[in-house]
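Protein chains in written order, with my numbering: chain A, 92 to 727; chain B, 6 to 455.
Below, the structure written as structure tokens:
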């Protein structure tokens, strides 16, 4: 979450109230009447760093939101069967459905999350089917009619990430399958209070200024940088813009072959797992949260391509300013090399909130590096993150100097406390990644998963120190961020997530040390700076992410788990060029508890819990013993 | 969303209680001083989990300062001051949380408030003239006492069910690891002497299957009276029997092929008695331990004796399984368990053992196991020929179609361990049968400090 970074502070109730006032005066909502009830209060815990511990503290505020203004009436329903629905939507009317569905536009044109989708012009072509994922964990996207009359055919599809037996995070996030419409994988819920599962549903709001800005940008600019304080909607805006570029519409903007997406936010990565900054070539419209489109899957059928990624710790930004810049610089250079071949593909750069709020000088350097045609600043004029006048002035000056169009548009944060915290969403993304096995070959490609706990997956073994029976298979473990004493290294690495990084540099072996008895090789910190010197982004990149599942020190082997889709990459690793980078991702607690939940779903007891797992009951019993430090706000 | 399970920084209650005894080590104690490592472990938890209980973290800070001081490092005044200040600030900031979730084990009149003068010292550290080193040392000790009273001592209440075993070692009356080992060795020595006498007086032919041995009965009851059915002590006994090769005749004794029978005559009655008196998993544990020895990397044993030892261990395993259905209180299940171990850690030796077991009559699911063996052997040969992974597809699907329940079977381009084979290179997919193991497993004895 953005809150884990030093500059990010939870939004206060006052800020929320200001936000609300601003929303009301601006009349910005796209969903007519949907803003009738703005958030009444933000809990301090909205961006709390410690969701797991503070769950009980959060008093959930249920506010009733109108999710759309389409009515479920005979005049609006063209046809309906067990698992299908065809609706008629007038101009500027909005319809939204919770769950997942395929849709085809039969008449007219619509806008979904920035994507403009029209009826297929040619008769011979097969209809363009799009897949939309609208789980209750995220604001519910709306379908907005663009023509005078629009017909949309919705088809049920298989629910993705069906992990309810191994993780409670995936419970009740799709359509509320109750009552008459149980055959459908999507349900029509016009208001929050009408949800049979009483979930805190919110609409995906789009300020009108965003629409204008998207239109203008899509038609005139090919290189866009999005900046702003935490929780201002940068990613949402970038997603809309990306969808708009890919679908195109009207005379002025043609659909693009794709978009280069340079993602500099290691906490909320869109196309890669967290703990990385990346450059991807996106060709598919993005209509779902990150755990539904892990397009980093390297395969021919997947249109989106991950071009290059670098590991980056999500917790300790302070020590890695220079590294951040060199990662950004390398990714930008990579973009330039690709762009040379196809210059019509636009570039969208998304930045993390802390870059704006606490590392502004670094942001300036990034702006000068990218030299965007358009700089889009999501600004919360009355919020506590107020861009100070000096910052605004600096931005204006830079823009004027470098001939950049500078747009300030209003921020649009979440309307209410989300059903899943950012940490939980990251866990869901990671869990989806590890359980993915590929996708069906049918026309409506559906992802497939391994539904048993990861402990059932056959692991890979690597030798970390040469023995008489095996050669060493990688250089060593590199921990980015806070270091760990060698005596505790084995316990620290066991059960952690690592990025497998390939580096062509010749001198990476220089700073290797070994733990005492287990002989695990690790990179020693630089005495002068006190940090482990990261690998040079110019000569290294992330191959994939793995989970360290066990160590066998007598045999000098480490066992790791890889998703099936990425296994072939293991054959490409060269021992002298392979480094395991740890310390970038969060502790994968979801992986530890899978076995316990699975045993319970199978009706078996849990006599012996897996390592690092306790029953919630026991934790409750411990009471105050588990109290964590209360984090005070930083005052200047 | 119902959260029934939660992740903790510690592996299990046992680890946390072990940490406690390491942190609160006192000079003159019989055990080794591992305070520095214990502190490092907590700090590693903090890096890994992001946030750990405040009182756990504070203990690490304070003990860390004490250790540095004792090691004669400079700058400890600041170290103490910081530890005390962070502790006092942390506790007073969380007063409301602490009060709200107080537990029944606290006496009603007690309060979790910090002594006033601790707060005063904190004030002095942060805002005024830094207190002297001696004051800071005193206060740090006081803070540690407070933490013992409010955090470490109450852990007994929480982990009491599974605590007994691990705290036991620290109770005055019960056996420490070293004592347990000495006791086991002594009992075994006495047993050998008595058993040898017994076999001499017994009329030939010697019946190895005869569990009626007074020596064994005496040794077993002697062992139980000292060590009890405690799992840790059993583990120590097994380690003496297997790891120290007590069961294996010295290479010079083993002149002819049949000479294992001497060892069988000597030890079978004891094993039978022990497995009858100890929890049912005793034989399984012995077998597990033997597999560990079997799978040691070659370099850890001298070349000449290596194979003799492996062979002896194989013979033992064969012996135990063959008598499992007679009087070593095992069963079919035990034999299956051993077979499974053979295929989950397939090496030249384990496969040979599997074959020997399967050559005997009356193995349940004989066909299935035999097929597995064939596949494992076949793979061995394929590996020799360096065949591409794709060519194994049919083999893999064949295996996957077999009903192996919870087990998964994998084949890979890896090369088997074995004397004549080439060294493995690069990552390989784990070979053999895969039975689900929880994430975070680590070999026995590697859960402490490195």
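Yeah, the Cβ is synthetic: ideal placement off N, Cα and C, and Gly gets one too.
Nearest-angstrom Cα distance between residue 275(B) and residue 221(B)?
The residue labelled residue 275(B) in the question sits at position 270 within the second chain. The residue labelled residue 221(B) in the question sits at position 216 within the second chain. Taking the straight line joining both Cα atoms gives about 5 angstroms.
Would residue 376(B) pass as an interface residue toward chain A - the criterion being a Cβ-Cβ separation below 8 angstroms?
The count along the second chain starts at 1 and reaches residue 376(B) at position 371. So no, residue 376(B) is outside the interface.
In the DSSP output, what is residue 185(A) paired with across the bridge?
Within the first chain, the letter at position 94 stands for residue 185(A). Answer by DSSP bridge pairing, in chain order: 235(A).
Just the chain A side, please: which residues come within less than 8 angstroms of residue 380(B) by C-beta, in chain order?
For the purposes of this step, residue 380(B) is taken as the residue at position 375 of the second chain. By Cβ distance, chain A contributes nothing, its closest Cβ being about 15 angstroms from residue 380(B), past 8 angstroms.
Beta-carbon contacts of residue 393(B) that lie in its chain and below 7 angstroms, excluding the five residues immediately before and after
Residue mapping note: residue 393(B) aligns to position 388 of the second chain, counting from 1. The predicted model places residue 393(B) with a pLDDT of 42, which falls under 50 and marks its position as unreliable, so this point remains unresolved.
List the whole-angstrom C-beta distance separating residue 628(A) from residue 417(A), where the pair is believed to meet the contact cut-off of C-beta under 8 angstroms.
Locating residue 628(A) in the first chain gives position 537, where the first residue counts as 1. Locating residue 417(A) in the first chain gives position 326, where the first residue counts as 1. Yes, residue 628(A) and residue 417(A) are in contact; Cβ-Cβ is about 5 angstroms, under 8 angstroms.
Starting from the C-beta of residue 144(B), find all residues in its chain whose C-beta is less than 7 angstroms away, skip the five residues before and the five after it, and write them out in chain order.
Counting from 1 along the second chain, the entry for residue 144(B) is found at position 139. Only residues of its own chain outside the window of five on either side were considered, and among them 89, 123 and 126 have a CB closer than 7 angstroms to the CB of residue 144(B), listed in chain order.
For the segment 506-537 of chain A, enumerate the residues whose C-beta is nearer than 7 angstroms to any C-beta of chain B, in chain order.
Hits within the stretch: zero.
Pick out the complete alpha helix (DSSP H) segments inside the segment 308-375 of chain A, 4 residues or longer, and give them in chain order.
The qualifying runs are 325-338.
Less than 8 angstroms between the beta carbons of residue 594(A) and residue 668(A), yes or no?
As a working mapping, residue 594(A) is identified with position 503 in the first chain. As a working mapping, residue 668(A) is identified with position 577 in the first chain. Contact flag set, yes.
Let me know the secondary structure DSSP gives residue 128(A) once reduced to three states.
Here the question's residue 128(A) lines up with position 37 in the first chain. With a pLDDT of only 36 at residue 128(A), under the threshold of 50, the placement of this residue in the model should not be trusted, and no figure is reported.
For the putative contact between residue 202(B) and residue 348(B), defined by C-beta atoms under 8 angstroms, what is the C-beta separation to the nearest angstrom?
One-based indexing of the second chain puts residue 202(B) at position 197. One-based indexing of the second chain puts residue 348(B) at position 343. That pair is no contact at about 42 angstroms.
When you check each C-beta in the segment 435-454 of chain B against every C-beta of chain A, which residues fall closer than 8 angstroms?
Going along the segment 435-454 of chain B in chain order, one finds 435, 439, 441, 442, 443, 444, 445, 446, 447, 448, 451, 452 and 454 with a Cβ nearer than 8 angstroms to chain A.
Rounding to the nearest angstrom, what Cα-Cα distance links residue 564(A) and residue 613(A) in this structure?
What you label residue 564(A) is simply residue 473 of the first chain in a count that begins at 1. What you label residue 613(A) is simply residue 522 of the first chain in a count that begins at 1. Between residue 564(A) and residue 613(A), the C-alpha separation is close to 14 angstroms.
Take every Cβ of the segment 228-237 of chain A, pair it with every Cβ of the segment 186-198 of chain A, and state whether three or more of those distances are shorter than 8 angstroms.
Yes, they touch.
Which of helix, strand or coil does DSSP assign to residue 301(B)?
As a working mapping, residue 301(B) is identified with position 296 in the second chain. If DSSP states are grouped into helix, strand and coil, residue 301(B) belongs with coil.
Less than 8 angstroms separating the beta-carbons of residue 707(A) and residue 638(A)?
Within the first chain, residue 707(A) is the residue found at index 616, counting from 1. Within the first chain, residue 638(A) is the residue found at index 547, counting from 1. In this structure, residue 638(A) does not lie closer than 8 angstroms to residue 707(A) by Cβ.
Starting from residue 367(B), follow its DSSP beta bridges and name the residues at the other end.
Start at 1 with the first residue of the second chain, and residue 367(B) comes out as number 362. Residue pairing from DSSP leaves residue 367(B) without any beta-bridge partner.
I want to see whether chain B comes within less than 8 angstroms of residue 667(A), judged by CB atoms only; does it?
As a working note, residue 667(A) is residue 576 in the first chain. So, not an interface residue.
Members of the segment 629-644 of chain A near chain B, C-beta cut-off 9 angstroms
Going along the segment 629-644 of chain A in chain order, one finds 638, 639, 640, 641, 642, 643 and 644 with a Cβ nearer than 9 angstroms to chain B.
Under the three-state DSSP convention, the category residue 616(A) falls into
Here the question's residue 616(A) lines up with position 525 in the first chain. DSSP, read as helix, strand or coil, puts residue 616(A) in coil.
Is the distance from the Cβ of residue 68(B) to the Cβ of residue 44(B) below 8 angstroms?
Here residue 68(B) is taken as the residue at index 63 of the second chain, counted from 1. Here residue 44(B) is taken as the residue at index 39 of the second chain, counted from 1. It is a contact, given that the beta carbons lie within the stated cut-off.
Of all the beta strand (DSSP E) runs that stay within the bounds of the segment 390-463 of chain A, which reach a length of 3 or more residues?
Scanning the segment 390-463 of chain A for uninterrupted beta strand (DSSP E) segments of 3 residues or longer gives 396-402 and 438-441, listed from N- to C-terminal end.
Along chain B, which residues have their Cβ under 9 angstroms away from the Cβ of residue 577(A)?
Here residue 577(A) corresponds to residue number 486 of the first chain, with the count starting at 1. Within chain B, the residues near residue 577(A) are 45 and 455.
Counting only beta-carbon atoms, is residue 30(B) nearer than 8 angstroms to chain A?
For the purposes of this step, residue 30(B) is taken as residue 25 along the second chain, with counting starting at 1. No, residue 30(B) lies away from the interface with chain A (no Cβ there is under 8 angstroms from its Cβ).
What's the call for residue 465(A), buried or exposed, on a 16-neighbour Cβ count within 10 Å?
Along the first chain, one-based indexing puts residue 465(A) at 374. By the 10 Å Cβ count, residue 465(A) comes out buried.
Residues near residue 554(A) by beta carbon distance below 6 angstroms, same chain, minus five either side:
Looking up residue 554(A) in the first chain gives position 463. If we look at residue 554(A) and ignore the five residues flanking it on each side, its Cβ neighbours are 561, 563, 564, 647 and 648.
I'd like to know whether the C-beta atoms of residue 290(B) and residue 239(B) end up nearer to each other than 8 angstroms.
What you label residue 290(B) is simply residue 285 of the second chain in a count that begins at 1. What you label residue 239(B) is simply residue 234 of the second chain in a count that begins at 1. Note that the C-beta distance between residue 290(B) and residue 239(B) is below 8 angstroms.
Could you check whether the Cβ of residue 554(A) sits closer than 8 angstroms to any Cβ belonging to chain B?
As a working note, residue 554(A) is residue 463 in the first chain. At least one chain B Cβ lies under 8 angstroms of residue 554(A).
Could you tell me the distance, in whole angstroms, from the CA atom of residue 511(A) to the CA atom of residue 260(A)?
Translated into the one-based positions of the first chain, residue 511(A) becomes position 420. Translated into the one-based positions of the first chain, residue 260(A) becomes position 169. Our two residues, residue 511(A) and residue 260(A), have alpha carbons roughly 8 angstroms apart in a direct line.
Is it the case that the segment 345-362 of chain A contacts the segment 440-447 of chain A, given that we only count it when at least three CB pairs across the two stretches are under 8 angstroms?
Contact annotation: the segment 440-447 of chain A touches the segment 345-362 of chain A, with at least three C-beta pairs closer than 8 angstroms.
Listed in chain order, which residues of the segment 9-20 of chain B have Cβ atoms closer than 7 angstroms to some Cβ of chain A?
Of all residues in the segment 9-20 of chain B, the ones placed with a Cβ closer than 7 angstroms to any Cβ belonging to chain A are 9, 10, 11, 12, 13, 16 and 17, in chain order.
Option nearest residue 181(A) by Cα separation, candidates 200(A), 171(A) and 170(A):
In the first chain, the residue the question calls residue 181(A) occupies position 90. Distance check between residue 181(A) and each of 200(A), 171(A) and 170(A) places 200(A) closest, using alpha-carbon atoms only.
Expected contact under 8 angstroms - CB spacing of residue 495(B) and residue 357(B) to nearest Å
The first residue shown for chain B is 6 and the last is 455, placing residue 495(B) beyond what the model contains.
Any Cβ of chain A within less than 8 angstroms of the Cβ of residue 102(B)?
Position 97 of the second chain, counted from the start, is the residue given in the question as residue 102(B). Yes, its Cβ sits closer than 8 angstroms to a Cβ of chain A.
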